[in-house]
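Residues in the sequence shown are numbered from 1 upward in steps of one, following UniProt numbering.
Positions of the beta carbon are idealized from the N, C-alpha and C atoms, including for glycine.
Remember, it's a predicted structure, so these values are computed and weren't measured experimentally.
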Amino acid sequence: MSSSAAGTTFPTTVHRFESPTPHNTAFETGLADAQNALVFIGGLGDGPFTVYYPRALSAAFSEQGNAADLSYSLFEFRLGSSYTQFGFKRLSDDLADIAALVRYLRSLGKRRIVLMGHSTGTQDCMEYVSPAYPDVPPVDGFILQAPACDRAALLMEMGAGKLDETVEKARGLIAEGKGEERMPAGSIPPGIFDVPISADRFYSLAAKDGGDNYFDPDYTADEARPFWQRFEKPLLILHSGNDEYVPSSVDKEGLVKQWKTLCRPGVASDLSGTIPNADHRVEKPPGEAEKWLVDTVLKFLKQSV
């Protein structure tokens, strides 16, 4: 079991802040009175404290002390899509909550703010730098951990025939003006999603041209380049070496190298790559994958941000 596993207790400072999600709170762990903030954004079904490795990052920040090059605390917070609410939310909803937290952190005087996305949180990071949102408050860096493709994962679970059939069902509902309605019972095989999901959200996750489909391994360089060209601040890309949601046929190391070449010169860190043998959530191998991740993130924050 990981050193930051679920049974561990830890202190946190709770921050109330104004956000499109009512009564929102952010939870700060790690170094007290830190000059900078690392904002962790989880994936589908996640919320504060559902992913374990942020505890290890917080502990590392505390151990480093208030050194000028690494004075960070870690923030987790509740998106409108957190836990079981993702089925009827969009990336744009997440972006509004993230922007609200960034504004709050700036009001506290945080000098550097880095967004770290895990799984669908990496799609939120990509959305954050979209030209569709020119008024979001700027941040100082990005970390993408487990930037998996939902469409590819669904293909593994459902097969091409069933996935295409279900995408067409969602497309039809959207064309009828029923995009916010729930996908019909039985249209998605049991175990794929544990919560109701709208036609809009399913299409966004599952269609080739879906709004969530930023990391499709089948994209050509020309198809993927516009996404990666969005980043202008330091970027660290960390795929999980044994990510169970990525087809085994995908060369994850090669994919990260390609993404780096598609970025603007000097943006993507040379530390980018795959976390050796790590599963999607960096819980296995126990301790080893987490330590590699923490060490790499600390190097990136020291050297690049």
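- Under the DSSP assignment, residue 258 falls in the alpha helix (DSSP H) whose first and last residues are 252–262.
- C-alpha of residue 224 to C-alpha of residue 80: approximately 28 Å in a straight line.
- With fewer than 16 other CB atoms across the displayed protein chains lying within 10 angstroms of its CB, residue 23 is exposed.
- Exclusion of the five residues before and after residue 104 leaves 17 as the residues of its chain whose Cβ lies within less than 6 Å of its Cβ.
- Distance from the CA atom of residue 121 to the CA atom of residue 93, rounded to whole angstroms, is 12 Å.
- Every alpha helix (DSSP H) stretch that sits fully inside the region 148–231 and reaches 4 residues is listed by chain position as 150–158, 160–175, 199–206, 221–228.
- In the pairwise beta carbon analysis, the region 130–143 is classified as not touching the region 54–65: fewer than three pairs are separated by under 8 Å.
- Counting along the chain, the unbroken beta strand (DSSP E) around residue 76 starts and ends at 72–77.
- Of the candidates 123, 118, 35, the residue whose Cα lies closest to the Cα of residue 228 is 123.
- With respect to the 7 Å criterion, residue 271 and residue 231 are not classified as neighbours on the basis of their beta carbons.
- Within the model, the alpha-carbon separation for residue 155 versus residue 131 is close to 30 Å.
- Leaving aside the five residues that flank residue 117 on each side, the residues in its chain whose CB is nearer than 6 Å to its CB run, in chain order, 41, 124, 125, 144.
- In this structure, the straight-line span from the alpha carbon of residue 265 to that of residue 302 is close to 20 Å.
- Closest in C-alpha terms to residue 243, from the list 199, 282, 58, comes 282.
- Per DSSP, residue 100 is one residue of the alpha helix (DSSP H) stretching across 91–107.
- In this structure, residue 36 lies away from residue 106, with their beta-carbon atoms at least 7 Å apart.
- DSSP places residue 298 inside the alpha helix (DSSP H), whose first and last residues are 288–303.
- When rounded, the separation of the alpha-carbon atoms in residue 192 and residue 157 is 7 Å.
- Exposed is the label assigned to residue 277, since fewer than 16 other Cβ atoms lie within 10 Å of its Cβ.
- In this structure, residue 216 lies near residue 149, with their beta-carbon atoms less than 7 Å apart.
- For the pair residue 28 and residue 75, the CB atoms are nearer than the 7 Å cut-off.
- Beta-bridge analysis with DSSP links residue 145 to 118, 238.
- Within the same chain, 84, 87 come within 6 Å of residue 195 by CB-CB distance, once the 5 residues on both sides are set aside.
- In its chain, beyond the 5 residues on either side, 245 have a beta carbon closer than 6 Å to the beta carbon of residue 153.
- Take residue 210, set aside five residues on each side of it, and the residues of its chain with a beta-carbon closer than 6 Å to its own are 203, 204, in chain order.
- Looking at 172, 178, 213, the one whose alpha-carbon comes closest to that of residue 151 is 213.
- Counted as a single uninterrupted DSSP element, the beta strand (DSSP E) harbouring residue 37 occupies residues 36–41.
- With fewer than 16 other Cβ atoms from the protein chains shown falling within 10 Å of its own Cβ, residue 109 counts as exposed.
- By the Cβ neighbour-count rule, residue 208 is exposed, with fewer than 16 other Cβ atoms within 10 Å of its own.
- Within the model, the alpha-carbon separation for residue 59 versus residue 30 is close to 6 Å.
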